[in-house]
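K.L.:
According to this note's numbering, the sequence shown is numbered sequentially starting from 369.
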Amino acid sequence: METWIWILIVVLALIAGVALGFFIARKYMMTYLKKNPPINEQMLRVMMMQMGMKPSQKKINQMMSAMNKQMK
């Protein structure tokens with residue numbers, strides 16, 4: 369075979385590998401986040417109580433909105 373055909377095969381295999389790796393990693397992360405969700409209100413309430421704070425709903429809502437802003 370000629371050299372340009374081998375180069376083409378290598379480039380196509382590389383592109384296919386990158387695309388396949390992306391979709392596998394995306395699927396893995398979606399499954400991981402479904403099993404281990406990020407922090408929610410209940411977790412925040414427990415953490416605040418462990419730190420000796422008495423959490424009010426207003427304070428929890430403020431902290432949740434601040435964390436959601438940071439995530440975006």
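Cβ atoms here follow ideal geometry from the backbone N, Cα and C, with glycine treated the same way. Bear in mind the structure is a predicted one, so any value in this text is a computation, not a measurement.
Curious, which full-length alpha helix (DSSP H) runs of at least 4 residues does the region 394–424 contain?
P.N.:
409–418
K.L.:
Considering only C-alpha positions, which residue in the set 420, 411, 398 and 371 is nearest to residue 428?
P.N.:
411
K.L.:
State the Cα-Cα distance for the pair residue 390 and residue 399, rounded to the nearest angstrom.
P.N.:
14 angstroms
K.L.:
Within the same chain, show all residues whose beta-carbon is closer than 7 angstroms to that of residue 376, passing over the 5 residues directly before and after it, in chain order.
P.N.:
none
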